[in-house]
Amino acid sequence: MTIDSLPGSSGYLDMYPERKISLFKNPYIMGLTIVAGIGGLLFGYDTGVISGALLYIKDDFVAVRESSFLQETIVSMALVGAMIGASAGGWINDAYGRKKATLLADIIFALGSVVMAAAPDPYILILGRLLVGLGVGIASVTAPVYIAEASPSEIRGGLVGMNVLMITGGQFLSYLVNLAFTEHVPSVVFLYSVLTVIQLLDMQVPGTWRWMLGVAGVPAVIQFALMLCMPESPRWLFMKDRKTEAISVLTKIYDVYRLEDEVEYLNSQLEEERQKKRDVRYLDVFRRKEIRLAFLAGAGLQAFQQFTGINTVMYYSPTIVQMAGFKSNQLALLLSLIVAAMNAAGSVLGIYLIDHAGRRKLALSSLAGVIVSLLILSGAFLFGSSDSTGGLSGWFAVIGLALYIAFFSPGMGPVPWTVNSEIYPEAYRGICGGMSATVNWVSNLIVAQSFLSIADALGTGPTFLILAGIAVIAFVFVSCFVPETKGLTFEEVENIWKERAWGNGSNTQSLLEQRNES
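Be aware that the sequence shown starts at 430, since it is given in the numbering used here, and climbs by one per residue.
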């Protein structure tokens, strides 16, 4: 089979344009993507809701109210769990499959939600946060890989981007719930009324925070039930020599002509991948040059996604708004809700752009806008006064926040997860995906735990200036180390790393030229 005839490659689709699949053409793929993406919804909801729930947790537990350490532990324990879950999730994915990994994540997440809702003391609550984090960590590795392996290459980026949309949608929902629990907010009066009735019916377990945290278990149960009806990843099934099951899945994705080519191609790759699989160890990621380069690109993107400040904005946007001079809690929460809505809307735009503009170009344009936005934020705090209530500098800070989200969410939001789902060979996809997701969670924890301390020590303006400097480094990093992977098959991407590692491979050079011309 020649390079031009590889299923899903740009050359193949140029030869057979009628076999190209559009994003919304196949309901089966969309259903699979949405079900898998529920894990992203849980991820987003949990990261956003804890900031509002903590206000009520302090009311119920005196120990929490009097201990900043306990408050930080309650928030950060989910991140600790996510690190552990992500690091183990790669191995679970490779050993037991993407479907079983998702089911396991749902069970752990639902159990954690129940533990949090019924927690009699802060320490049981912390245990619940750890369990929820474990589930989120496993899901964060599994969902992008599961979606990518079942997706036609021409729409793979958009489908993986839908998982990011679910994450941002979950964050928006969490801010809506937080706002609903404040008083006298007409825009969410209906939701507030519903939640109030639910709380009044809860005679044995008082506390609004219990519902805010416990309700996250419902989507986990829904995903578990739906996932039982979903197939395993066809590529994983081929790796396990379960070809009949894999072909059964592929028949629901491709027409009969492309199906034959896909099956022939997967068969041709099977023995090579299985041979690699026998020798795979975690240290092999660093011993093999082409894998090391791929992991550098993937883990670097995950780290820069966090170190350019996105979760600083999402976790602390109410605080940032108040720092800018808007002292009302309700106004700060409302403006933060708008920020979360923009984040979700930007993810929708990213679903379109990632398969049209390409991953690399989208990341670079996103980072350029992020740099400008962070400079505006820095200037607003450096040259303004937070003593005035929403003065000119305050509005510049809000504009900077809005621009930051507008540039970040379509680009650096989905690109790291999409790239990491497609740049590793089959034998390394679970291991490297888990390791890079762990880098994301570790970076997330570092930023979340250090932002307010650095802002107190240096000032908010200089802190945003530091983030802008990191964004400049990220821009250079993407320019140097991240290749374009739009429209390429997994094996074509693997050839790019071989070309970069060893400098030989006429086939790879041909692919790069084809990609640049398209």
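For each residue, glycine too, the CB sits at the ideal point set by N, CA and C. Source: prediction; values computed, not measured.
Residue i: which of the options sits nearest, CA to CA?
i, options, result
"residue 827", "842, 563, 807", "807"
"residue 534", "563, 573, 889", "563"
"residue 767", "454, 487, 547, 605", "605"
"residue 542", "644, 550, 916, 504", "644"
"residue 672", "684, 689, 823, 656", "689"
"residue 465", "682, 502, 500, 529", "529"
"residue 821", "805, 595, 666", "805"
"residue 830", "798, 848, 845, 547", "798"
"residue 456", "834, 681, 849", "681"
"residue 763", "544, 601, 922", "601"
"residue 462", "526, 559, 652", "652"
"residue 898", "803, 509, 678", "803"
"residue 491", "524, 550, 480", "550"
"residue 725", "878, 489, 864", "864"
"residue 740", "524, 879, 584", "879"
"residue 727", "851, 794, 896", "851"
"residue 909", "811, 641, 730", "730"
"residue 561", "867, 486, 506", "506"
"residue 648", "489, 532, 484", "532"
"residue 901", "697, 737, 559", "737"
"residue 835", "888, 742, 678", "742"
"residue 485", "525, 498, 454, 639", "639"
"residue 522", "489, 665, 813, 460", "665"
"residue 584", "451, 497, 928", "451"
"residue 869", "515, 840, 526, 794", "515"
Can you round the beta-carbon distance between residue i and residue j to whole angstroms, since I take them to be within the 8 Å contact cut?
i, j, result
"residue 838", "residue 772", "5 Å"
"residue 582", "residue 917", "6 Å"
"residue 722", "residue 926", "5 Å"
"residue 548", "residue 718", "49 Å between Cβ atoms; not a contact."
"residue 663", "residue 578", "7 Å"
"residue 567", "residue 469", "Not a contact, Cβ separation roughly 13 Å."
"residue 904", "residue 796", "4 Å"
"residue 960", "residue 676", "Outside the modelled stretch of the chain, which goes from 430 to 947, sits residue 960, for which no answer is possible."
"residue 481", "residue 656", "With a Cβ gap of about 29 Å, residue 481 and residue 656 do not count as contacting."
Where does residue i sit, in a helix, a strand or coil, going by DSSP?
i, result
"residue 721", "helix"
"residue 461", "helix"
"residue 644", "coil"
"residue 580", "coil"
"residue 859", "helix"
"residue 555", "helix"
"residue 502", "helix"
"residue 605", "helix"
"residue 680", "coil"
"residue 527", "helix"
"residue 387", "The displayed coordinates of the chain run from 430 to 947. Any statement about residue 387 would go beyond what the structure contains."
"residue 456", "helix"
"residue 572", "helix"
"residue 490", "coil"
"residue 928", "helix"
"residue 711", "coil"
"residue 741", "helix"
"residue 939", "Note that residue 939 scores 42 on pLDDT, short of 50, meaning its location in the model is unreliable and no value can be drawn from it."
"residue 626", "Its pLDDT being 45, under 50, residue 626 is placed unreliably by the model, and the measurement read from it follows with that caveat. Residue state, collapsed to three classes: helix."
"residue 414", "Residue 414 cannot be examined here, being either before or after the span of the chain that is shown, 430 to 947."
"residue 473", "helix"
"residue 845", "helix"
"residue 517", "helix"
"residue 479", "helix"
"residue 496", "coil"
"residue 451", "coil"
"residue 548", "coil"
"residue 664", "helix"
"residue 535", "helix"
#### Entry: Touch test, the segment 532 to 548 against the segment 871 to 884, Cβ-Cβ under 8 Å, three pairs minimum
no
### Task
Entirely within the segment 769 to 839 and at least 4 residues each: give me those alpha helix (DSSP H) ranges in chain order.
788 to 812, 821 to 837
### Task
Could you tell me which uninterrupted alpha helix (DSSP H) segments, each at least 4 residues in length, are contained entirely in the segment 865 to 926, listed from first to last along the chain?
889 to 910
### Message
Any contact between the segment 778 to 785 and the segment 881 to 897? By contact I mean 3 or more CB pairs, one from each, below 8 Å.
### Response
no
### Task
Flag this pair as touching only if the segment 786 to 805 and the segment 913 to 921 have three or more C-beta atom pairs under 8 Å; answer yes or no.
yes
### the segment 891 to 904 contacting the segment 548 to 566, beta-carbon criterion three pairs below 8 Å
no
### Query
Can at least three beta-carbon pairs, one atom from the segment 474 to 482 and one from the segment 571 to 591, be found at a separation below 8 Å?
no
### Cβ pair count under 8 Å reaching 3, the segment 855 to 865 against the segment 714 to 723
yes
### Task
Kindly confirm or deny that the segment 586 to 602 and the segment 839 to 848 touch, where touching means at least three C-beta pairs closer than 8 Å.
yes
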